[in-house]
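Report on the structure given below.
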Amino acid sequence: MIPFNKPYLTGKETTYIQEAVDSGHLCGNGIFTKKCQSFFEQKYNFNKCLLTSSCTDALEMASILINIQPDDEVIMPSYTFVSTANAFILRGAKIIFCDSREDHPGIDEDLIENLITPKTKAIIIVHYAGVATDMDKINSISEKHNIFLIEDAAQAIDNYFISSDGSKKTLGSFGHLSAFSFHESKNIIAGEGGLLVINDKTFEHRAEIIWEKGTNRSSFYRGEVDKYGWVDVGSSFLPSELTAAFLWAQLENIDVIQKKRLETWDIYYKELKNWALTNGLKLPFIPTYSTNNAHMFYLICKNVDQRNHIIKSMKQKNIDVVFHYQSLEKSKFYENKHDGRELLQSEKYTNCLIRLPLFYTISKEEIYSVISNLTLIQF
Ligand SMILES: Cc1ncc(COP(=O)(O)O)c(C=O)c1O
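Just so it is clear: in the sequence shown, position 67 is 66 by numbering that gives the first Met the number 0, and no numbers are missing.
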C-alpha cells in the first residue's frame with residue numbers, strides 16, 4: 000500500500016516532549032512555544048507570531064481581531080477548506096466566494112475588485128498547494144480599497160513571492176494577519192497545530208489577550224500589571240507545551256524536509272510531463288512569481304470520469320490517489336446563502352483535481368511505482 004500521506008517523525012519529538020514534561024511546565028506559552036514563535040519571527044522576518052492549536056484557530060483569532068460584525072462581507076476563494084469560511088461565519092459575516100484562476104486553483108486575482116462593496120471588510124487569500132497568490136495585485140487591491148488582507152497560508156510554509164521589482168518575501172508576511180497549519184498532512188507537523196502571524200503591529204496587544212482566553216495574563220507574566228483578569232473576548236487558542244515540543248523537533252529539520260519533498264515533486268513533474276500532455280491532463284502550474292514548497296503534487300484531469308477512473312485504477316493497485324476540496328458555494332451549508340454566481344473554475348477543480356502520494360519518507364521505488372501504475376492506465 001502506498002498511502003497518500005504518512006506523517007514523518009524526525010526522531011527528536013519524544014525527546015523534547017520528555018524535556019517539556021521534566022520541566023514541569025505543561026500548559027501553553029512555555030520555553031518550546033517561545034522557541035517555535037521566535038523561529039518563525041527570525042527565519043521569515045514575521046513581525047510577531049503566536050502558536051495556536053490549529054490553523055482553524057488562527058483564522059478564528061484573525062476574524063475576532065479585525066472585528067467582524069454581522070453582515071460584514073468577506074471575499075475568499077470558494078475552492079478552499081471549510082475553516083477559511085467558518086472562521087468568519089462564526090462571527091456573522093457573509094462570505095462572497097470568488098472563482099479560481101484558469102491555470103491554478105488559487106483565487107482569480109482579477110475577479111476580486113468587482114466583488115467589493117461598501118460592506119467588504121476583508122479579503123482572505125489561500126496559497127493553494129503552497130503556491131503564491133499574485134501578491135502585487137492583492138496588495139494593491141487591499142491598499143486601494145482599505146480592506147483587511149488575511150493570508151490563509153495553511154499549506155504555504157517556507158515559500159516565497161517574488162515581486163515584479165525582484166524582491167522576494169515570505170508567504171505569510173503580506174497579510175495584516177496570516178495563518179499556518181501544522182496538521183499531520185502538512186510539510187511540518189505537530190499532529191494538530193497552527194500559527195497566527197501578526198504583521199500589523201496594531202493587533203499585537205489584543206492578539207495576546209484573545210489568545211489567553213480574554214485575559215491579560217501575558218502582560219502579568221512580563222510584570223507589566225500586578226494581577227491579571229478578564230479584559231476582552233477570547234478563547235483557549237494556545238496549544239500545550241507538548242505540542243510545541245513536538246513542533247520544535249520538526250522545525251529544526253525544516254531544510255532537510257523541504258529538500259526531500261522537492262526532490263519527489265521534481266521526479267513526478269519530469270516523469271509525468273509527456274504522459275499528461277498525451278492524455279489531456281494538466282500538470283501543476285507554478286507562476287514565475289512563486290517558489291515551490293512542494294506541499295502537494297496535483298494533476299487536473301480532463302473530466303470527472305477520467306478523475307474517477309484514475310482514483311479507482313490506482314486503488315486497485317493499492318495506491319492512494321485522492322481528490323480535494325468541494326467548492327464551498329455548492330455545499331449543503333452554503334448553497335442557499337450563495338448569490339447564485341457560477342464559479343466554473345472552482346467546479347472544475349472540485350471535479351477534476353487529484354493529488355498523488357507525497358511525504359518525506361516516500362522511497363524512490365514507491366515514487367516510480369506511482370508513476371508507472373499511473374501511466375499504464377488505459378483511457
Ligand atoms: C486552506 C486551508 N485552510 C485551513 C485549514 C485548516 O487547518 P487546520 O487543520 O490546522 O485547522 C486547512 C486544512 O487542511 C486548509 O487546507
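Glycine included, every Cβ here is placed at the ideal spot set by N, Cα and C.
Subject >> Exposure label - ARG216; buried when at least 16 CB within 10 Å >> reply: Position 217 of the sequence shown, counted from the first residue, corresponds to residue 216. Buried.
Subject >> Distance, LEU237 Cα to ALA153 Cα >> reply: By 1-based counting over the sequence shown, the position of residue 153 is 154. By 1-based counting over the sequence shown, the position of residue 237 is 238. So the alpha carbons of these two residues sit roughly 17 Å apart.
**OP:** Name, in chain order, the residues that DSSP records as bridge partners for GLY23.
**Re:** Position 24 of the sequence shown, counting from 1, holds the residue named residue 23. Answer by DSSP bridge pairing: none, since GLY23 is not bridged.
Original post:
Residues in its own chain within less than 7 Å of GLU112 by CB, not counting five upstream and five downstream?
Top reply: To locate residue 112, count along the sequence shown from 1; it is residue 113. The answer, listed in chain order, is ILE140.
**OP:** Compare the C-alpha of GLU262 against each of ASN291, GLY29, SER312 and name the closest.
**Re:** In the sequence shown, residue 262 corresponds to position 263, counting from 1. When C-alpha distances from GLU262 are compared across ASN291, GLY29, SER312, the shortest belongs to ASN291.
Original post:
Are the beta-carbon atoms belonging to PHE378 and ILE353 less than 7 Å from one another?
Top reply: Sequence index remark: in the sequence shown, residue 378 carries index 379 (1-based). Sequence index remark: in the sequence shown, residue 353 carries index 354 (1-based). Going by C-beta atoms, PHE378 is not nearer than 7 Å to ILE353.
Original post:
Skipping 5 residues on each side, what residues in its chain have a beta carbon closer than 6 Å to that of SER77?
Top reply: Taking the first residue of the sequence shown as position 1, residue 77 is located at position 78. Here the set comprises PHE96, SER326, LEU327, GLU328, LEU342, SER345.
Subject >> Nearest neighbour of LEU8, chosen from LEU250, GLU203, GLN36, PRO117 [CA to CA] >> reply: Counted from its first residue, the sequence shown places residue 8 at position 9. Out of LEU250, GLU203, GLN36, PRO117, LEU250 has the C-alpha closest to the C-alpha of LEU8.
Original post:
Among SER22, VAL73, MET60, which has the Cα closest to the Cα of PRO117?
Top reply: One-based indexing of the sequence shown puts residue 117 at position 118. Ranking SER22, VAL73, MET60 by Cα distance to PRO117 puts VAL73 first.
Original post:
How long is the line joining the alpha carbons of TYR220 and HIS24, rounded to whole angstroms?
Top reply: Within the sequence shown, the letter at position 221 stands for residue 220. Within the sequence shown, the letter at position 25 stands for residue 24. About 14 Å.
Original post:
Since ILE391 is in the alpha helix (DSSP H), which residue starts that stretch and which ends it?
Top reply: Since the displayed the chain opens at 0 and closes at 378, residue 391 lies outside it and no answer follows.
**OP:** In angstroms with no decimal places, state the Cα-to-Cα distance between ASP133 and HIS126.
**Re:** Taking the sequence shown and counting its residues from 1, one reaches residue 133 at position 134. Taking the sequence shown and counting its residues from 1, one reaches residue 126 at position 127. Near 9 Å, if we compare the C-alpha coordinates of HIS126 and ASP133.
Subject >> Nonlocal neighbours in the same chain, by C-beta distance under 6 Å from GLY310, ignoring five residues either side >> reply: Taking the sequence shown and counting its residues from 1, the one referred to as residue 310 is at position 311. Per the sequence shown, the amino acid found at residue 310 is Ile instead of Gly. So the qualifying residues of the chain are VAL320.
Original post:
The alpha helix (DSSP H) with PHE80 in it runs from where to where?
Top reply: Locating residue 80 in the sequence shown gives position 81, where the first residue counts as 1. Per DSSP, PHE80 belongs to no alpha helix (DSSP H) and is neither H nor E.
Original post:
For TYR7, which three-state DSSP category applies?
Top reply: Taking the sequence shown and counting its residues from 1, the one referred to as residue 7 is at position 8. In this structure, TYR7 counts as coil in the three-state DSSP scheme.
Original post:
Could you give the residue range of the beta strand (DSSP E) that holds TYR267?
Top reply: What you label residue 267 is simply residue 268 of the sequence shown in a count that begins at 1. Taken as a continuous stretch (DSSP letters only), TYR267 belongs to no beta strand (DSSP E), being part of the alpha helix (DSSP H) at 253 to 278.
Original post:
Hey, how far is the Cα of LYS136 from the Cα of ARG100?
Top reply: The residue labelled residue 136 in the question sits at position 137 within the sequence shown. The residue labelled residue 100 in the question sits at position 101 within the sequence shown. If I take the Cα positions, the gap works out to 14 Å.
**OP:** Give the single residue among PHE31, ASP71, THR374, PHE80 whose Cα lies nearest to the Cα of ARG92.
**Re:** Translated into positions along the sequence shown, residue 92 becomes position 93. Contrary to the premise, residue 92 reads as Ala rather than Arg in this sequence. When only C-alpha atoms are compared, the closest one is ASP71.
Original post:
HIS182: beta carbon under 6 Å from a heavy atom of ligand 1?
Top reply: By one-based count along the sequence shown, residue 182 stands at place 183. HIS182: yes, Cβ under 6 Å from ligand 1.
Subject >> Rounded separation between ILE16 and LEU49 - CA only >> reply: Translated into positions along the sequence shown, residue 16 becomes position 17. Translated into positions along the sequence shown, residue 49 becomes position 50. Computed Cα separation, rounded: 19 Å.
Subject >> Distance, ARG340 Cα to LYS42 Cα >> reply: Stepping through the sequence shown from its first residue, residue 42 is reached at position 43. Stepping through the sequence shown from its first residue, residue 340 is reached at position 341. Near 41 Å, if we compare the C-alpha coordinates of ARG340 and LYS42.
**OP:** Confirm the yes/no value for this check: CB of GLY91, any heavy atom of ligand 1, distance under 6 Å.
**Re:** If you number the sequence shown from 1, residue 91 lands on position 92. For ligand 1, not one heavy atom lies less than 6 Å from the Cβ of GLY91.
Original post:
Along the chain, where does the beta strand (DSSP E) that runs through LEU237 open and close?
Top reply: Here residue 237 refers to the residue found at position 238 when the sequence shown is read from its first residue. Looking at the DSSP string, LEU237 is not in any beta strand (DSSP E), and its letter there is neither H nor E.
Original post:
If you check the beta carbons only, do THR360 and LYS34 fall under 7 Å apart?
Top reply: In the sequence shown, the residue the question calls residue 360 occupies position 361. In the sequence shown, the residue the question calls residue 34 occupies position 35. No. Outside cutoff.
**OP:** Consider the C-beta atom of GLY193 and the heavy atoms of ligand 1; say whether any pair is separated by less than 6 Å.
**Re:** Position 194 of the sequence shown, counting from 1, holds the residue named residue 193. For ligand 1, at least one heavy atom lies less than 6 Å from the Cβ of GLY193.
**OP:** Inspect the beta-carbon positions of GLU150 and GLY171 and report whether they are closer than 7 Å.
**Re:** As a position in the sequence shown, residue 150 is number 151, starting the count at 1. As a position in the sequence shown, residue 171 is number 172, starting the count at 1. A contact, by the Cβ cut-off of 7 Å.
Subject >> Cα-Cα separation, ILE79 to LYS11 >> reply: Stepping through the sequence shown from its first residue, residue 79 is reached at position 80. Stepping through the sequence shown from its first residue, residue 11 is reached at position 12. Reading off the sequence shown, one finds Thr at residue 79, where the question assumed Ile. Cα-Cα distance, rounded: 33 Å.
**OP:** Using 6 Å as the cut-off, classify the Cβ of SER77 as near or not near the heavy atoms of ligand 1, replying yes or no.
**Re:** The residue labelled residue 77 in the question sits at position 78 within the sequence shown. Flag unset: Cβ of SER77 not near ligand 1.
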